[in-house]
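Sequential numbering of the sequence shown, starting at 277, is according to our numbering.
Each residue gets a CB set at the ideal place from its N, CA and C atoms; glycine is no exception.
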Amino acid sequence: MIERTVYGQILHSISLRPVTLITGARQVGKTTLCLRLKGERGYGYVSLRDKNQRALARSDPEMFLSIHGRPLIVDEVQYAPGLLESIEAEVDGLKAEGEDARGMYVLTGSQAYKLMEGVTDSMAGRISVIRMSPLSLSEIYRREDVPFEVDIPELARRASEVPMGPLDMYDRILRGSYPEPEVEKGMTTSEFYSDYVDTYIDRDVSEIVNVRNKDKFHSFMQLMASLTAQELNYEGIASSVGIDAKTVKSWVSVLIAGDIIHLLQPYSDRSTAKHIVKRPKMYFWDTGLACHLARVLDRESLIAGYLKGPMVETFAVGEILKTYRNAKLESPFYYYRDSDGKEIDLVMVRGGKVSLIECKSGSEFGWDDIKAVDTGIPTQYPIASRCIICPVPTPYPVNDRVYAIPIRSIRSLVGILRIQAVEEVASNGEARRPLAGSRRR
């Protein structure tokens, strides 16, 4: 089994909150972690993929909870969103009786938007939401996971831990980061992603919006994949697919809710806000899925094609953002583009400083490649570092202010430390809860 960094976040959450909600794209490994939790912590487990269980949860949620008792894992809870209200009432009842309700319910679902509709304001302080991504490089290569920082000596050390050259990187981009193809080495990407897209459109999309023409939605996904790492232009997408801009916005929200894509917002200093492009940039979370949809089917086609740069950027940005999501930290990243066309892929605002980061598919750079990060941007914060993330084996200075750093040095932390913290508390007899034998109904 591949060790998932986010498991530490789950253990931390159940030690503090009555309800833990784990969201993320289909097939990222939510059920696997829940079954591990069941075995290690004595939870009951029920999946709403089962038609009978789903029918009961929808028609009589109080009876459903009474039959299954607690602590309880409810997998695929998006199929019965009304169950959240009954769980809320259950938690409030326990609190009214003066009982400790921490860790009583763990829920999973692959459609965050629909699920969050059922999380009412009164659940504040009762529920913790954990967003789970596809595998990170750190998880694949079984190394420590730490939030990304531009620390050149540390990045050089991390790069030496991963035996991934440029060609290996392109293979990884094509294969993607979903757990099943990683575990099942004989599975081809075509097999996995063909089934994935069909299942996603038939089940998840149909649960949220009424897609009358599934072929058109598939065409929309294909176009979106070809536009990864570009600014989101609703009118242009509408014209290309043959739908209106309102429908595009609705379908984009579906892809965001299903954790298929994510948006990066533009950075602007208040004094120059009028000169900044306002549209967000769109990225796929998984490059394997994006390549499959864009019909990039082999390494040679990827390297020779127009999507080489965008896919490398999508891969690098995704790996960096996973390091913060896995640590349950707010993302400190933006992108920059002004009306003169000056663009920087990532602007990182953390610790009262700014770091400027470009993502490139090459390994040697001239002035035009580094001009934007070297000259900087209008910002109220001091610029602490400037770098280019690219497929080089070790960091090297491009000039006296800009460093090239390896993509393979990206890794992400806190999960391991929190696992240790929870286990230390548990060994003192306090927080190793809930276990089999906890009060069940």
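To the nearest angstrom, how far is the alpha carbon of residue i from that of residue j?
i    : j    : result
L292 : R280 : 20 Å
P719 : Q506 : Since the displayed the chain opens at 277 and closes at 717, residue 719 lies outside it and no answer follows.
D336 : G385 : 20 Å
L605 : S615 : 31 Å
R684 : M445 : 8 Å
M339 : P455 : 35 Å
R418 : S412 : 10 Å
V473 : N675 : 44 Å
L311 : Y321 : 8 Å
F560 : G374 : 45 Å
I363 : Y476 : 27 Å
V304 : V282 : 11 Å
P608 : A301 : 22 Å
D650 : E430 : 22 Å
G369 : A377 : 9 Å
T524 : Y510 : Note that residue 524 is Val in the sequence shown, not Thr. Approximately 6 Å, taken between the alpha carbons.
S398 : E361 : Residue confidence is low: S398 scores 49 on pLDDT, short of 50, so the model does not pin down where it sits. Its coordinate-derived value is still stated next. Straight-line Cα distance between these residues: approximately 10 Å.
I349 : S404 : 14 Å
N489 : D480 : 15 Å
D491 : T504 : 20 Å
V485 : V593 : 29 Å
F468 : A372 : 48 Å
G315 : Q354 : 23 Å
D545 : G441 : 38 Å
G617 : H344 : 58 Å
A365 : E352 : 20 Å
C666 : R433 : 16 Å
G518 : A580 : 29 Å
Verify the contact flag: residue i, CB atom, against every heavy atom of the ligand NAD, threshold strictly below 7 Å.
i    : result
Q354 : This structure lacks the ligand NAD; in fact it carries no ligand of any kind.
Taking all protein chains shown into account, decide if residue i is buried (16 or more other Cβ within 10 angstroms of its Cβ) or exposed.
i    : result
K327 : exposed
L359 : buried
I278 : exposed
D562 : buried
W527 : buried
Y582 : exposed
L443 : exposed
Q656 : exposed
P347 : buried
N602 : buried
L332 : buried
I290 : buried
D644 : exposed
E595 : buried
Take residue i and list the residues in its own chain whose beta-carbon comes closer than 6 Å to its own, dropping the five residues that flank it on each side.
i    : result
V588 : S637
D520 : A514
E634 : D621, V649, I664
R662 : L632, V649, R677, V678
Y612 : Y543, I620, V623, I653
M380 : P294, R346, P347
G585 : S637
Y600 : P423, S607
V426 : S631, S661, C663
V625 : P608
V487 : V481, F493
Cutting at 8 Å between CB atoms, please list the residues of its own chain near residue i, excluding the five before and the five after it.
i    : result
I286 : T296, I298, L309, L313, V382, I406
R694 : Residue confidence for R694 is low, a pLDDT of 34 falling below 50, so the modelled location carries little weight; the figure read from the coordinates is stated next. Only G284, Q285, L287, H288 meet the Cβ criterion.
Q329 : V322, S323, F340
L531 : M497, M500, I537
D447 : R575
H494 : V473, I477
S516 : L499
Spatial neighbours of residue i within its chain, please: CB distance less than 7 Å, with the 5 preceding and 5 following residues excluded, ordered by chain position.
i    : result
R451 : P457, T465, G564
A660 : K629, V630, S631
P673 : Y679
D471 : none
Q696 : The predicted position of Q696 is uncertain, since its pLDDT is 32 and thus under 50; a value taken from the coordinates is nonetheless stated next. Cβ neighbours of Q696 beyond the five flanking positions: none.
Can you check whether the CB of residue j is closer than 8 Å to the CB of residue i?
i    : j    : result
S453 : P423 : no
I681 : P669 : no
A356 : R334 : yes
V367 : R402 : yes
P556 : L578 : no
F591 : I449 : yes
M558 : L597 : no
M408 : K306 : yes
So that I know if they touch, is there some Cβ in chain C lying closer than 8 Å to that of residue i?
i    : result
T655 : No chain C is present in this structure, which holds just one protein chain.
message = Taking 8 Å as the cut-off, does the stretch 556 to 575 touch the stretch 497 to 515 (at least 3 CB pairs, one atom from each stretch)?
response = yes
At least three beta-carbon pairs within less than 8 Å, the stretch 449 to 462 to the stretch 536 to 543 = no
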